[in-house]
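Data first, discussion second: the structure below is written as structure tokens.
Protein chains: 2
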Amino acid sequence: MAEAKLMTPAGHRVLAAAGDLFYDRGITAVGVDLIAEHAGVTKRTLYNQFGSKDHLVVAYLEEREQRWQSLVRATVAACDSPVEAVAAPFVALRTWNTTNPRGCAFINALAEFPNPAHPAHRVASNQKLWLLNLFEELATAANSSTPAALAMQLFVLHEGALVTQPLPLDTLTVSADLARALVASNTERGAAVHSPS
Amino acid sequence: MAEAKLMTPAGHRVLAAAGDLFYDRGITAVGVDLIAEHAGVTKRTLYNQFGSKDHLVVAYLEEREQRWQSLVRATVAACDSPVEAVAAPFVALRTWNTTNPRGCAFINALAEFPNPAHPAHRVASNQKLWLLNLFEELATAANSSTPAALAMQLFVLHEGALVTQPLPLDTLTVSADLARALVASNTERGAAVHSPS
DNA sequence: GCGTGAGTTCACAGATCAGTATACCTCTAA
DNA sequence: TTAGAGGTATACTGATCTGTGAACTCACGC
């Protein structure tokens with residue numbers, strides 16, 4: 001991730017081309033020849049920069065991870081209150097979806113690499129746990145009575161909205177609304193629908 | 001689907017082997033040679049029975065679809081009340097997960113075949129819409145005030161529990177509990193946390 | 001001037017992929 | 001008895017895959 005600065009111009013073009021192609025068509029469906037061609041670069045250069053396709057896949061996922069986490073953090077920082085901030089990832093997701101309409105790259109990577117030992121699987125898995133952890137931090141900061149349980153609920157809602165994105169349904173609005181209702185009933189002293197066990 | 005009866009014994013073995021391998025390792029990662037070997041069958045027989053790998057993939061998804069829908073319907077039928085039946089797919093999912101611990105085959109198929117024109121994409125997509133439709137029917141039968149909105153909420157929760165299955169978390173309990181709370185507040189005349197728009 | 005590193009060109013290895021061809025075997029039903 | 005369906009065995013095609021080898025160009029900094 002910190003290697004972005006010391007990456008060569010051709011390396012950046014390769015990573016950009018790989019990003020578009022992997023995300024649009026799937027990782028295993030895209031060959032290195034196609035990536036090199038789209039980057040206007042020789043296959044030799046690709047291998048000089050990244051060593052192997054697996055390493056390129058990891059770089060692709062880490063690049064997206066960084067961009068997504070930056071967006072979420074900025075959205076959290078822009079919130080007026082800690083309570084509002086708990087639902088910030090849902091707001092960030094709405095922004096994100098406008099430029100990333102083909103579902104979640106990490107979920108797709110988990111599907112394409114079921115083996116937990118595969119480096120791409122680990123990156124994607126860690127990304128999901130990062131979000132769950134963030135929800136818990138935000139819930140704690142908002143004085144939730146049961147931050148861990150609330151975080152898990154929000155996490156499930158978030159992933160549900162993400163994974164149903166390829167379908168012609170507006171699930172994001174549904175899940176974001178429900179998330180805000182859960183946050184409200186779990187932080188204010190109002191009547192809770194459901195007190196998480 | 002109805003062709004299961006007129007499938008040859010070798011054909012059944014092929015479909016069974018393909019089912020295991022596709023589900024465990026991913027579809028594109030498994031070649032026809034491996035399937036034929038695991039089925040104790042010649043590649044010629046595989047092609048005589050299914051014509052192409054794509055057709056075999058479709059048969060694999062349809063077989064799982066049939067098994068999953070049967071389980072859900074049986075779970076619905078075993079419920080004592082219409083209100084209880086609305087959450088039946090979550091109960092069915094708990095049973096299903098004990099023998100299918102590697103996530104949702106349809107979500108994985110959507111990730112592996114992003115092209116909506118691909119027959120495997122269509123089968124998987126239709127399966128998801130079937131579940132959403134079932135939720136709406138169940139919600140209507142339980143006298144929900146807003147069955148379409150409730151169904152969408154339950155659907156998102158269900159898919160969220162499914163997609164987070166590869167992670168070491170018990171998201172199913174969380175989403176099932178929350179689902180039941182939503183059903184209760186949307187069918188009884190109790191205080192609703194949130195009235196869906 | 002001269003070396004160094006980034007990039008190119010292009011050929012090629014070795015594997016694996018989906019799918020086909022040919023010839024033979026065996027059981028059943030007409 | 002014989003035809004045909006289901007299956008086996010084996011070799012093969014042609015494409016595509018990841019990855020490498022070796023020689024070349026070019027720009028920049030000492």
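Quick note, the sequences are listed as chains P and R, same order.
Counted from 1, the first sequence has number 95 at position 95 by my numbering; the numbering is strictly sequential.
Counted from 1, the second sequence has number 179 at position 179 by my numbering; the numbering is strictly sequential.
Heads up, the beta-carbon is just placed ideally off N, CA and C, and yes, glycines get one too.
What you are looking at is a predicted structure, and each value in this text was computed from that prediction instead of being measured.
Worksheet item: Out of L131(P), D170(P), A36(P), which has the shortest C-alpha to C-alpha gap to A87(P)?
Response: Here residue 87(P) refers to the residue found at position 87 when the first sequence is read from its first residue. Measuring C-alpha to C-alpha distances from A87(P) to each of L131(P), D170(P), A36(P) identifies L131(P) as the nearest.
Item to complete: For E84(R), decide whether its Cβ has a neighbour in chain P, counting only Cβ atoms nearer than 8 Å.
Response: For the purposes of this step, residue 84(R) is taken as the residue at position 84 of the second sequence. Contacts with chain P at 8 Å (Cβ-Cβ) do not include E84(R).
Worksheet entry | Nonlocal neighbours in the same chain, by C-beta distance under 8 Å from R13(P), ignoring five residues either side | By one-based count along the first sequence, residue 13(P) stands at place 13. Answer for R13(P): A39, G40, V41, listed in chain order.
Worksheet item: Distance, Cα to Cα, A148(P) vs E136(P)?
Response: The residue labelled residue 148(P) in the question sits at position 148 within the first sequence. The residue labelled residue 136(P) in the question sits at position 136 within the first sequence. So the two alpha carbons sit approximately 6 Å from each other.
Practice prompt. Answer yes if the segment 143-160 of chain P comes into contact with the segment 58-69 of chain P, meaning at least three C-beta pairs across the two stretches below 8 Å, and no otherwise.
Written response: These segments do not touch.
Worksheet item: Does the segment 39-59 of chain R come close enough to the segment 107-121 of chain R to have 3 or more Cβ pairs within less than 8 Å?
Response: Cβ pair count under 8 Å is three or more, so yes.
Worksheet item: Should N48(P) be flagged as near chain R, meaning a C-beta pair shorter than 8 Å?
Response: The count along the first sequence starts at 1 and reaches residue 48(P) at position 48. Interface with chain R (8 Å Cβ-Cβ cutoff): N48(P) is excluded.
Discussion item. Using 8 Å for Cβ pairs, my map puts E159(R) next to I27(R). What's the rounded Cβ distance?
Written reply: Here residue 159(R) is taken as the residue at index 159 of the second sequence, counted from 1. Here residue 27(R) is taken as the residue at index 27 of the second sequence, counted from 1. The pair is not a contact, with the Cβ atoms about 20 Å apart (cut-off 8 Å).
Discussion item. Using only the alpha-carbon positions, how far apart do A36(P) and A176(R) sit?
Written reply: Position 36 of the first sequence, counted from the start, is the residue given in the question as residue 36(P). Position 176 of the second sequence, counted from the start, is the residue given in the question as residue 176(R). Put simply, the backbone Cα of A36(P) is about 46 Å away from that of A176(R).
Worksheet item: Is D24(P) helix, strand or coil by DSSP?
Response: Locating residue 24(P) in the first sequence gives position 24, where the first residue counts as 1. Correct three-state label for D24(P): helix.
Worksheet item: According to the Cβ coordinates, are D24(R) and P114(P) closer than 8 Å?
Response: Locating residue 24(R) in the second sequence gives position 24, counting from the first residue. Locating residue 114(P) in the first sequence gives position 114, counting from the first residue. Judged by beta-carbon spacing, P114(P) lies within the 8 Å limit of D24(R), meaning their Cβ atoms are closer than that value.
Worksheet item: Can you find a C-beta in chain P that's less than 8 Å from the C-beta of P119(R)?
Response: The residue you call residue 119(R) lines up with position 119 of the second sequence. At a cut-off of 8 Å between beta-carbon atoms, P119(R) makes no contact with chain P.
Worksheet item: Is N126(P) near the ligand HEM, in the sense that its beta carbon is under 7 Å from a heavy atom of that ligand?
Response: Annotation note on the ligand HEM: not contained in the displayed structure, which lists no ligands.
Worksheet item: Along chain R, which residues have their Cβ under 8 Å away from the Cβ of T164(P)?
Response: By 1-based counting over the first sequence, the position of residue 164(P) is 164. The answer, in chain order, is K128, F155, V156, E159.
Discussion item. Is N108(R) close to chain P? Criterion is C-beta to C-beta, closer than 8 Å.
Written reply: Here the question's residue 108(R) lines up with position 108 in the second sequence. Closer than 8 Å to some Cβ of chain P, the Cβ of N108(R) qualifies, so yes.
Fill in: Boundaries of the alpha helix (DSSP H) in which H38(R) is found, first to last residue
Counting from 1 along the second sequence, the entry for residue 38(R) is found at position 38. Secondary structure note for H38(R): its alpha helix (DSSP H) is the uninterrupted segment 32-39.
Item to complete: Give the DSSP-derived three-state secondary structure of A181(R) in the structure shown.
Response: In the second sequence, counting from the first residue as 1, residue 181(R) sits at position 181. Under the three-state reduction of DSSP, A181(R) is assigned to helix.
Worksheet item: So, does the CB of S52(P) fall closer than 8 Å to a CB anywhere in chain R?
Response: For the purposes of this step, residue 52(P) is taken as residue 52 along the first sequence, with counting starting at 1. Output row for S52(P): interface = no.
Worksheet item: Within 10 angstroms of its Cβ, does P168(P) collect 16 or more other Cβ (buried), or is it exposed?
Response: For this step, residue 168(P) is matched to residue 168 along the first sequence. P168(P) should be labelled exposed.
Worksheet item: Can you give the Cα-Cα distance for K128(R) and V183(R), rounded to whole angstroms?
Response: In the second sequence, residue 128(R) corresponds to position 128, counting from 1. In the second sequence, residue 183(R) corresponds to position 183, counting from 1. Near 20 Å, if we compare the C-alpha coordinates of V183(R) and K128(R).
Discussion item. Residues in the same chain with beta-carbon distance under 8 Å from L61(R), minus the five sequence neighbours each way, listed in chain order, please.
Written reply: Here residue 61(R) refers to the residue found at position 61 of the second sequence. Closer than 8 Å at Cβ, skipping near neighbours: A105, F106, A109, A120, V123, A124, Q127.
Worksheet entry | Own chain, CB closer than 7 Å to A18(R), minus 5 neighbours either side, in chain order | Residue numbering aside, residue 18(R) sits at position 18 when the second sequence is read from its first letter. Within the same chain, A18(R) has close Cβ partners I35, L56, Y60.
Worksheet item: Got a sec: which bits of the segment 95-107 of chain P sit with their beta carbon under 8 Å from any beta carbon on chain R, in order along the chain?
Response: Cβ contacts with chain R: R102, G103, I107.
Fill in: Inter-residue spacing [alpha-carbon to alpha-carbon] between S144(R) and A181(R)
To locate residue 144(R), count along the second sequence from 1; it is residue 144. To locate residue 181(R), count along the second sequence from 1; it is residue 181. Inter-residue distance for S144(R) and A181(R) is about 13 Å (C-alpha atoms, whole angstroms).
Worksheet item: Counting only runs that start and end within the segment 99-153 of chain R, where is the alpha helix (DSSP H) found for 4 or more residues in a row?
Response: Scanning the segment 99-153 of chain R from its first residue to its last, the whole alpha helix (DSSP H) runs of 4-plus residues come out as 105-112, 119-141.
Worksheet item: Grouping DSSP H, G and I as helix and E and B as strand, with all else coil, what is L172(P)?
Response: Counting from one through the first sequence, the residue named residue 172(P) turns up at place 172. DSSP places L172(P) in helix when its eight states are reduced to three.
Fill in: Within chain P, the residues that D24(R) reaches when beta carbons sit closer than 9 Å
Counting from 1 along the second sequence, the entry for residue 24(R) is found at position 24. Under the 9 Å cutoff, chain P gives P114.
Worksheet item: How close, in whole Å, do the beta carbons of L71(R) and A92(R) come, if the pair is a contact with beta carbons under 8 Å?
Response: Within the second sequence, the letter at position 71 stands for residue 71(R). Within the second sequence, the letter at position 92 stands for residue 92(R). With a Cβ gap of about 5 Å, L71(R) and A92(R) count as contacting.
Discussion item. For L162(R) and L6(R), I'd like the C-alpha separation in whole angstroms.
Written reply: Here residue 162(R) corresponds to residue number 162 of the second sequence, with the count starting at 1. Here residue 6(R) corresponds to residue number 6 of the second sequence, with the count starting at 1. Each residue's Cα considered, the two are about 33 Å apart.
Worksheet item: Does the distance from the C-beta atom of L157(P) to that of L157(R) stay below 8 Å?
Response: Taking the first residue of the first sequence as position 1, residue 157(P) is located at position 157. Taking the first residue of the second sequence as position 1, residue 157(R) is located at position 157. The Cβ atoms of L157(P) and L157(R) lie closer than 8 Å to each other.
Worksheet item: Considering only C-alpha positions, which residue in the set A139(R), N97(R), S185(R) is nearest to Q165(R)?
Response: As a position in the second sequence, residue 165(R) is number 165, starting the count at 1. Sorting A139(R), N97(R), S185(R) by C-alpha distance to the C-alpha of Q165(R) places N97(R) at the top.
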